[in-house]
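Right, one structure below, let's go through it.
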Amino acid sequence: MWVLGVNAPPTGWHDTAACLVNGAGEVVAFAEEERINRRRHSLFRKPAGAVRFCLDQAGIDPSDIDVVAIGWDGEQLYPHRFATDAELLSHAVGLDFGGRTPEVVQVPHHLAHAASAFHASPFRRAAVVVVDGNGENESSTIWTFADGEEPRLERSWPRSASLGYAYDAASTWLGFSFLNAGKTMGLAAYGRARGLAVDPLVELDRDGFRLAVRTAGHDDGPATADEVERQYRATVAAWRQRYCALVRADGPIVPGDRLADDPRAVAVAYTAQRIVEETVGHLAALARTAAGVDALCLSGGVALNCTTNGGLPGPVYVPPVPHDAGVALGAAWTVRPPLRRTGPLSPYLGMDVAGPPRGGAGAPVDLSGLTATDLDVDEVVGLLLEGRVGAVAQGRAEVGPRALCRRSIIALPYQAEVNGRVNAIKHREPWRPFAGVTRADYGARLWAGQEHLSRYMLGAARVTELGRTVAPGVVHVDGTTRPQVLHGDDAPAVGAILDVLDRRGAPPVLLNTSFNDKGEPIVNTTADALAAFRSMDLDFLVLGDSLIRKAP
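Rendered as structure tokens:
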């Protein structure tokens, strides 16, 4: 049996993705379309390239697919739009499935999010919290999941109580896209570092929470996509008016690269951040009580908020794909859950840097203007110790928005100034932070422990005094970092670099950030890696088993 999960138009109009699981519920391949079509977030585009990659990875054809699972209830949002399943699949996926149309299962959005988190986790029973902008009718939900049992929906909050909408309003007030919430989170840390007092805009009680901004005249029941969009715009506008009144300004007074110097911009970012932190913390407690266990899973776009995740007590797991791309995985697993649990999900499910297995030889590699030698890890460590900044593109790509050392830019974080240099290389705002990566034993000395969040770089952690001393380049203004702990041979080149640093008596920790330039998706193939290497001020590139440098 083959189940293809997708986040696809018309319901999934951003972060489109495809995931293929077999009859045992094992993930064979998973990719976001943006990595393939090179369009950031793949807005309004079918995941056709991601689907083809998944099929190639399994060595099957479209006619072999038994079920296509979609991570939305499209019939509610777009009633009667498609006369047949074949018509729906043509619009959503864009592939010819042959003379046999697979079964189509439309999975409610929050259920798909919840399934992606629980089944990817190491827990056999867990409380699950999903928080995002909106699903079909809800914005926050609490679930209880257990192996071998039907998931149980415990609580639900409507679209008008959306934490995602409140955060989107802050992001757009700051001049960002709603898809740039990570920038808002990074800016909010300046408010925390300065001890900023902000107005509490959420009330918490035993029944849940109530946000300070409420939009009248909107039905929170079942709605079409057009009605949901109108409610979104009205709610975000109301939140923006609240932020404007709060700081007495309609927007920042400085350019984006200086937002950390604008107290009003910092206040808006920190206010939105505190709303999310306080509410998600309360939802986590309610969920644990309902499920009767401490194990907690988070999913939905708001679960990308590393500061919030890192502040939660107890065992917390967030999958590498908590955002909308993850519902491709969750929808597939709703149809065919894993038959056996093997520990946390490996994120390395994407395309090999050499290309898809059935994609043919492709174009020859263009190394003009570059020199290539066999990879020598000692040589790479020497370059890093000289202060060089390089990149790694090796093996199958990680899924999700965090680069986990197979498509990463790396540098030594021994000096704080490296932060400025890498931000300049990536053409990012100079106030934005970076993350560190190390092995588990050394990580326990650098920052507060995170059993699961540091696997995918999804939780902020307080840095120790040793961490501040040896890795100031990855310490944010509020004294935290967003760490990654690398296990075994998960990322062979970076793991070997860390081990050589350790043997040489140097602190075995690296700055790790995604290998992409501003506005670009993370690199995927050899051609992507070489193009990015040429366009960015990088000193070297580990490409597969080769070390690439620019000619003098």
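In this text, residue positions in the sequence shown follow UniProt numbering: the first is 1, and each later residue adds one.
Beta carbons are placed, not taken as given, at the ideal position from N, Cα and C, and that holds for glycine.
Exercise. How is Trp-13 classed by DSSP in three states: helix, strand or coil?
Worked result: One-based indexing of the sequence shown puts residue 13 at position 13. Here Trp-13 sits in coil by DSSP.
Exercise. From Val-523 to Asn-309, what does the alpha carbon distance come to, in whole angstroms?
Worked result: For the purposes of this step, residue 523 is taken as the residue at position 523 of the sequence shown. For the purposes of this step, residue 309 is taken as the residue at position 309 of the sequence shown. Their backbone Cα atoms lie some 27 Å apart in a straight line.
Problem set entry | Same chain, Cβ closer than 7 Å to Pro-357, neighbours up to 5 away in sequence not counted | To locate residue 357, count along the sequence shown from 1; it is residue 357. Contacts found: Asp-56, Gln-57.
For this session: Check each candidate in Arg-432, Leu-174, Ser-408 and name the one with the smallest Cα separation from Asn-419.
Result: Here residue 419 is taken as the residue at index 419 of the sequence shown, counted from 1. Considering only alpha carbons, the answer is Arg-432.
For this session: Ignore the nearest five residues each way along the sequence and tell me which others in Thr-373's own chain have a CB closer than 6 Å to its CB.
Result: For the purposes of this step, residue 373 is taken as the residue at position 373 of the sequence shown. Contacts found: Leu-547.
Exercise. Comparing alpha-carbon positions, which option in Pro-364, Leu-204, Arg-428, Glu-150 lies nearest Ala-114?
Worked result: Residue 114 sits at position 114 when you count from the first residue of the sequence shown. Comparing Cα-Cα distances from Ala-114 to each of Pro-364, Leu-204, Arg-428, Glu-150, the minimum goes to Glu-150.
Problem set entry | Coarse secondary structure for Arg-442, derived from DSSP in three states | Reading the sequence shown from its first residue, position 442 is the one you call residue 442. First, the amino acid is wrong: residue 442 is Tyr here, not Arg. Reduced to three states, the DSSP call for Tyr-442 is helix.
Exercise. Considering only the beta carbon of each residue, do Thr-16 and Arg-45 sit closer than 7 Å?
Worked result: Translated into the one-based positions of the sequence shown, residue 16 becomes position 16. Translated into the one-based positions of the sequence shown, residue 45 becomes position 45. Contact flag set, yes.
Exercise. Does the stretch 268 to 279 come within contact of the stretch 165 to 185, defined as at least 3 CB pairs closer than 8 Å?
Worked result: yes
For this session: Name the residue from Thr-215, Ala-265, Arg-264 whose alpha carbon lies nearest to the alpha carbon of Gln-231.
Result: To locate residue 231, count along the sequence shown from 1; it is residue 231. It is Thr-215.
Exercise. Under three-state DSSP, which class holds Ala-223?
Worked result: Reading the sequence shown from its first residue, position 223 is the one you call residue 223. In the structure shown, Ala-223 sits in coil (DSSP, three-state: anything other than H, G, I, E or B).
Exercise. Does the beta-carbon distance from residue 553 to Leu-179 come in below 7 Å?
Worked result: This structure gives no information on residue 553, because the portion of the chain shown stretches from 1 to 552.
For this session: List the whole-angstrom C-beta distance separating Gly-208 from Trp-157, where the pair is believed to meet the contact cut-off of C-beta under 8 Å.
Result: Translated into positions along the sequence shown, residue 208 becomes position 208. Translated into positions along the sequence shown, residue 157 becomes position 157. Indeed they touch by this definition, with Cβ atoms about 6 Å apart.
For this session: Look at the Cβ atom of Met-457, then the Cβ atom of Arg-402, and state whether they are nearer than 7 Å.
Result: What you label residue 457 is simply residue 457 of the sequence shown in a count that begins at 1. What you label residue 402 is simply residue 402 of the sequence shown in a count that begins at 1. For Met-457 and Arg-402, yes; Cβs fall inside 7 Å.
Exercise. Span of the alpha helix (DSSP H) holding Ser-139?
Worked result: The residue labelled residue 139 in the question sits at position 139 within the sequence shown. Not the alpha helix (DSSP H): Ser-139 falls in the beta strand (DSSP E), residues 138 to 146.
Exercise. Excluding sequence positions up to five away, which residues of its chain have a Cβ less than 8 Å from the Cβ of Leu-541?
Worked result: Here residue 541 is taken as the residue at index 541 of the sequence shown, counted from 1. These residues qualify, in order along the chain: Gly-390, Ala-391, Val-392, Ala-393, Ala-529, Leu-530, Phe-533, Leu-547, Ile-548, Arg-549.
For this session: Return the CA-CA distance between Asp-73 and Pro-9, expressed in angstroms with no decimal places.
Result: Here the question's residue 73 lines up with position 73 in the sequence shown. Here the question's residue 9 lines up with position 9 in the sequence shown. Each residue's Cα considered, the two are about 12 Å apart.
Problem set entry | Close Cβ partners of Thr-141 (< 6 Å) along its chain, the five nearest in sequence each way excluded | Taking the sequence shown and counting its residues from 1, the one referred to as residue 141 is at position 141. The residues are His-110, Val-130, Ser-156.
For this session: Using the DSSP secondary-structure output, state which residues sit across from Arg-462 in a beta bridge.
Result: For the purposes of this step, residue 462 is taken as the residue at position 462 of the sequence shown. Partner(s): Thr-480.
For this session: Report the partner residues of Ser-90 according to the DSSP bridge assignment.
Result: What you label residue 90 is simply residue 90 of the sequence shown in a count that begins at 1. In DSSP, Ser-90 forms no bridge with anything.
Exercise. With 16 other CB atoms within 10 Å as the buried threshold, where does His-476 fall?
Worked result: If you number the sequence shown from 1, residue 476 lands on position 476. Label assigned to His-476: buried.
Problem set entry | Bridge-paired residues (DSSP) for Ser-63 | Here the question's residue 63 lines up with position 63 in the sequence shown. None, per the DSSP bridge assignment.
Problem set entry | Three-state secondary structure assigned by DSSP to Arg-125 | One-based indexing of the sequence shown puts residue 125 at position 125. The answer is strand: DSSP assigns Arg-125 an E or B state.
Exercise. Of the choices Gly-449, Val-105, Arg-503, His-119, whose alpha-carbon is the least far from that of Gly-343?
Worked result: If you number the sequence shown from 1, residue 343 lands on position 343. Among Gly-449, Val-105, Arg-503, His-119, the Cα nearest to that of Gly-343 is on His-119.
For this session: Output yes or no for whether 7 Å exceeds the beta carbon distance between Arg-194 and Cys-306.
Result: Counting from 1 along the sequence shown, the entry for residue 194 is found at position 194. Counting from 1 along the sequence shown, the entry for residue 306 is found at position 306. No, these two residues do not count as a Cβ contact at 7 Å.
Exercise. Are there three or more Cβ pairs, one per stretch, closer than 8 Å when the stretch 315 to 322 is compared with the stretch 121 to 140?
Worked result: yes
Exercise. Would a C-beta distance cut-off of 7 Å place Ser-116 and Gly-281 closer than the cut-off?
Worked result: As a first step, residue 116 is located in the sequence shown; it is residue number 116 there, counting from the start. As a first step, residue 281 is located in the sequence shown; it is residue number 281 there, counting from the start. Not closer than 7 Å, so no.
For this session: Could you pull the start and end residues of the alpha helix (DSSP H) that Ser-346 belongs to?
Result: Counting from 1 along the sequence shown, the entry for residue 346 is found at position 346. Counting along the chain, Ser-346 falls outside any alpha helix (DSSP H), and DSSP gives it neither H nor E.
For this session: Please say whether Ala-112 and Ala-291 have beta carbons closer to each other than 7 Å?
Result: The residue given as residue 291 occupies position 291 in the sequence shown. The residue given as residue 112 occupies position 112 in the sequence shown. No. Outside cutoff.
For this session: Given a cut-off of 7 Å, decide if Ala-328 and Val-6 are closer than it, judged by their beta-carbon atoms.
Result: The sequence position of residue 6 within the sequence shown is 6, counting from 1. The sequence position of residue 328 within the sequence shown is 328, counting from 1. Cβ distance < 7 Å, so Val-6 and Ala-328 count as in contact.
Exercise. So, Val-107 versus Thr-334, is the Cβ gap smaller than 7 Å?
Worked result: Working through the sequence shown from its first residue, we reach residue 107 at position 107. Working through the sequence shown from its first residue, we reach residue 334 at position 334. Closer than 7 Å, so yes.
For this session: Assuming Leu-304 and Gly-182 form a contact by the criterion Cβ under 8 Å, report the distance between their Cβ atoms to the nearest whole angstrom.
Result: The count along the sequence shown starts at 1 and reaches residue 304 at position 304. The count along the sequence shown starts at 1 and reaches residue 182 at position 182. Confirmed, Cβ separation roughly 7 Å.
Exercise. Run through DSSP, which three-state label would Asn-305 get?
Worked result: For this step, residue 305 is matched to residue 305 along the sequence shown. Coil at Asn-305, not helix or strand.
For this session: Give the secondary structure of Asp-257 by DSSP, where H, G and I count as helix, E and B as strand, and everything else as coil.
Result: Sequence index remark: in the sequence shown, residue 257 carries index 257 (1-based). Here Asp-257 sits in helix by DSSP.
Problem set entry | Where the alpha helix (DSSP H) through Lys-183 begins and ends | One-based indexing of the sequence shown puts residue 183 at position 183. Here the alpha helix (DSSP H) through Lys-183 covers 181 to 193.
Exercise. Bridge partners of Val-213, per DSSP?
Worked result: Numbered from 1 along the sequence shown, position 213 holds the residue referred to as residue 213. Looking at the DSSP assignment, Val-213 forms no beta bridge with any residue, so it has no partner.
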